[in-house]
Amino acid sequence: MIANNLAALLAERKIKITRLAKETGISRSTLTSIAQNDTKMIQLEVINQICMYLEITPEDFFVFVPIDVKITHEISNLQAGIEKGLLNFEFELDLFFDFITKKGTDTFEVAKTVSSKHILHTDEGTSVRLIIDMKDNSALFAEYERAIPTALRWNYMDILNSELSTSLSEALLDYFSQYFDVQDIILNTDFEFKITVFAMPF
1 MIANNLAALL AERKIKITRL AKETGISRST LTSIAQNDTK MIQLEVINQI CMYLEITPED
61 FFVFVPIDVK ITHEISNLQA GIEKGLLNFE FELDLFFDFI TKKGTDTFEV AKTVSSKHIL
121 HTDEGTSVRL IIDMKDNSAL FAEYERAIPT ALRWNYMDIL NSELSTSLSE ALLDYFSQYF
181 DVQDIILNTD FEFKITVFAM PF
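If you want it as structure tokens, here you go:
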């Protein structure tokens, strides 16, 4: 896995993306995507401008970890209903973490029952907060996690959270396919997942 250290480099220097954008002329949206490792390609000119401004080398800018990460999920056994105008649900969530190296692939599977009790309603929206305890092979899982830079871990967890939000909305819409009033509630609800995975240190 190849990624960049821009977020960490900016944090170390207490430089905000808005300032970097102003000083280099690179758009804020481009810099945000780069910092989040959410882009497939970075132009050499952009890399050069960033390196010149931060006084670093491309070696400082990029990081290579000989591990690729793939996370998939499945939602099953969904049960849902409306009570006093509130949407209640429960389903089984299976998460699969694949850590791919030259030696092969190690897959970690964890299952959790998710229900409405995990929902937190705030002024900012509706979030589904889950704490996942990686019990099986947790030492090896923790070893992989420690080998991957924090910024990259945040990135692939953000992607997982976004995909889960979409999957839950689609599953609920399918479940209530004949109830248009309920579909309106679902469409107007943004289920923001926030997953934390705990594994025993090795």
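For the sequence shown, full-length UniProt numbering gives the first residue as 1, with consecutive numbering after it. A virtual CB, placed ideally from N, CA and C, is assigned to each residue, including glycine. Keep in mind that this is a model prediction, so the values were computed, not measured.
If you draw a straight line from the alpha carbon of Ser-169 to that of Met-52, how long is it in whole angstroms? 44 Å
Might you give, ordered along the chain, the residues of its own chain that have their beta carbon closer than 7 Å to the beta carbon of residue 204, omitting 5 neighbours on each side? Given a span of 1 to 202 for the chain in the structure shown, any question on residue 204 remains unanswerable.
In the DSSP assignment, what residue or residues form a beta bridge with Phe-64? Ile-2
Identify the continuous beta strand (DSSP E) that holds Ser-115 and give its terminal residues. 104 to 115
Buried or exposed for Asn-48, please, with buried defined as at least 16 other CB atoms from any protein chain shown within 10 angstroms of its CB. exposed
Taking the alpha-carbon of Thr-166 as reference, which of Ser-115, Asp-190, Met-157 has the nearest alpha-carbon? Asp-190
Sequence-distant residues of its chain with Cβ nearer than 6 Å to Phe-202 (five each side left out): The predicted model places Phe-202 with a pLDDT of 40, which falls under 50 and marks its position as unreliable, so this point remains unresolved.
What does a CB cutoff of less than 7 Å around Glu-92 pick up in its chain, not counting 5 residues either side in sequence? Residues of the same chain with a CB within less than 7 Å of the CB of Glu-92, apart from the 5 flanking positions on each side, are Ser-76, Asn-77, Ala-111, Thr-113 in chain order.
Restricting to Cα atoms, I'd like to know which of Tyr-179, Leu-31, Phe-193 is closest to Lys-16. Leu-31 is the residue among Tyr-179, Leu-31, Phe-193 whose C-alpha sits nearest the C-alpha of Lys-16.
Starting from the C-beta of Asp-106, find all residues in its chain whose C-beta is less than 6 Å away, skip the five residues before and the five after it, and write them out in chain order. Close CB contacts of Asp-106 within its chain, under the 6 Å cut and outside five residues either way in sequence, are with Phe-99 (chain order).
Taking a contact to mean a Cβ-Cβ separation below 8 Å, would you say Asp-68 touches Asn-5 in this structure? no
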